Structures are given as structure tokens and as C-alpha cells.
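Chemist: Under the working numbering, the first residue of the sequence shown carries the number 10, and numbering increases by one thereafter.
Built from N, CA and C at the ideal position, the CB exists for glycine as well.
These numbers come from a predicted model, not from an experiment.
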Amino acid sequence: MKNIILIAPPAAGKGTQAEMIVNKYNVPSISTGNLLRAARNNETEIGRSIIEAQDKGLLVSDDIVIELLRNRLSESDCDNGYILDGFPRTIAQAKAYQTMLNELGKELGDVIYLEIDKEIAKERIVGRISCPNCGTTYNEYIVDTMPKVKGICDKCNGPLTKRSDDNEEAFNVRFDTYIEKTAPLIDYYEAQGVLFRVNSGISKDYTNIEVEKIINRD
Ligand code: AMP
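(1) Looking at the unbroken beta strand (DSSP E) that takes in Y197, where does it start and where does it end?
(2) In chain order, which continuous runs of the beta strand (DSSP E) of length 3 or greater are located wholly inside the segment 28-62?
(3) Per the contact definition of three or more C-beta pairs closer than 8 Å, is the segment 38-53 in contact with the segment 124-135?
(4) Alpha carbon to alpha carbon, what distance is there between A20 and S209?
(5) Is the beta carbon of L123 less than 8 Å from the beta carbon of L15?
(6) Could you check whether V36 and G90 sit closer than 8 Å to each other, using their CB atoms as the reference points?
(7) Taking only runs that begin and end inside the segment 155-226, name each unbroken alpha helix (DSSP H) of 4 or more residues, in chain order.
(8) DSSP on E84, reduced to helix/strand/coil?
(9) For the alpha helix (DSSP H) containing V135, list its first residue and its last residue.
(10) Sorry if obvious, but does the Cβ on V31 come closer than 7 Å to a heavy atom of the ligand AMP?
(11) Indicate the three-state DSSP secondary structure (helix, strand or coil) for L2 in the structure shown.
(12) Does the beta carbon of L68 fall short of 7 Å from some heavy atom of the ligand AMP?
(13) Could you give the distance in angstroms between the alpha-carbon of Y197 and the alpha-carbon of I100?
(14) Under DSSP, the alpha helix (DSSP H) around Y106 begins and ends at which residues?
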């Protein structure tokens with residue numbers, strides 16, 4: 010499978026779509042949000058700066074994110090394709106990523122843009138719960154994304170928790186940050202002829218069908 014970048018506003022379903030692709034194509038999904046959440050528990054200055062940025066909905070500094078990502082992409086399970094969820098988030102990160110790809114001998118692949126209205130995304134945030142152990146996300150109020158047993162992860166049986174940045178205030182900051190810093194990537198990748206748009210406001214299954222059409226197109 011080609012490498013895939015998922016670009017989307019917060020709560021558009023990046024994590025859910027990444028999960029569905031992982032299950033079908035057996036490639037890893039790499040979420041910089043999850044890499045950072047794992048690193049924030051470290052009692053270090055880096056850990057503290059991640060907590061500070063994430064809890065406010067602000068971006069973590071590029072050098073921290075890029076270092077974590079480079080280490081992860083160097084692992085052998087990334088050799089046959091992977092999904093990037095949440096990176097790049099700025100034009101500067103996109104440029105640093107291209108340099109990283111050249112150094113690692115990897116291809117950019119496809120960029121899939123999940124489109125969604127702000128109000129629908131905000132509704133999804135309210136009920137979002139996730140598994141801190143394996144990263145799977147669910148929604149308490151949306152039927153097709155509820156866990157089978159309330160409060161328990163279907164995949165690893167871990168207890169589900171609400172992310173510290175899944176509140177309305179942090180959502181608004183994250184959405185504004187997305188519009189200002191991440192949305193310019195849409196034109197950036199469109200100009201390179203690698204961007205595909207998918208409506209992500211209907212249902213996760215509809216989105217997945219459209220995503221798979223892109224993956225399977227040749
Ligand atoms: P996500 O899990 O993708 O919603 O990301 C949650 C939070 O992690 C973001 O609000 C940022 O604070 C941080 N984060 C995730 N990916 C990046 C990135 N590529 N660059 C900077 N910060 C990031």
C-alpha cells in the first residue's frame with residue numbers, strides 16, 4: 010500500500026478511518042497525537058512542554074514531533090506502507106517531512122483530506138472517549154462508534170477515558186489552529202497533484218468506502 014497522510018480538522022474521524030485501514034490492509038497507523046500522549050508521561054522538560062501545549066489545544070514544537078516521528082518511521086513495520094494521522098500539521102512540518110522521506114528512502118504517497126463542518130465536528134468531540142492503552146476512539150452518543158461494553162475498549166479491554174483536550178474550549182483553539190496552520194496544506198498538496206477529498210460528515214462507513222476507493226484505485 011502507498012503511504013497515506015490523513016488531513017482533517019479535529020474530530021473529523023482521522024483516528025477512526027486510520028483504524029479501519031489498519032484492520033483491512035495490515036499497515037501501521039502512526040498518530041503524532043498518540044506518540045506525544047505516550048511521551049507526556051515522562052518526567053522531563055519535553056514531557057512537561059507536551060502537556061502544556063496539548064491541554065490548551067496548541068501545537069507541540071516541531072523538533073519534538075519530528076524526532077518522535079523519525080524514530081517511529083525507522084521501525085521495520087513501516088516498510089510496506091503506513092498511515093499518518095495528525096502529521097504534518099503545518100507547511101513547515103510538510104517540508105521537514107519531505108526531507109525525512111528523502112533520507113529514509115520513502116515515498117510521499119497519497120494525501121486524503123477528510124472534510125467536515127465545524128458544528129458536526131464539535132458535536133462529535135462532546136461524546137468522544139478513547140483507550141489510552143491502544144489509542145482506539147469511540148463516541149458515547151453515536152450508535153456506530155459506541156464500544157460494545159460501556160467504558161471498556163473492544164480491542165484491548167482497557168478502561169476508556171476522556172482526553173484532557175476533548176472539551177469545548179480546547180476544541181475551539183484546536184479548530185482555529187487547524188484553520189490557520191493546517192488548512193494551507195490542502196492547497197500545498199493539491200498543487201503537487203497528490204490530494205484527494207472525502208466528505209467525512211455523513212458516517213464512518215461512507216467515509217471508509219470513499220477512502221478505500223482511493224487506496225484501491227490502481
Ligand atoms: P490529535 O490526537 O491529532 O488530535 O492531536 C492532539 C494534540 O497533540 C494536538 O492538539 C497537539 O497539541 C498535539 N499534536 C499532534 N500532532 C501534532 C503535530 N503534528 N504537531 C504539533 N502538535 C501535534
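Modeler: In terms of the structure at hand:
(1) That residue, Y197, is in no beta strand (DSSP E); its alpha helix (DSSP H) goes 193-200.
(2) 38-40
(3) no
(4) 10 Å
(5) yes
(6) yes
(7) 177-186, 193-200, 213-224
(8) coil
(9) 127-136
(10) no
(11) The chain is shown from 10 up to 227; residue 2 falls before or after that span and cannot be answered.
(12) yes
(13) 8 Å
(14) 100-113
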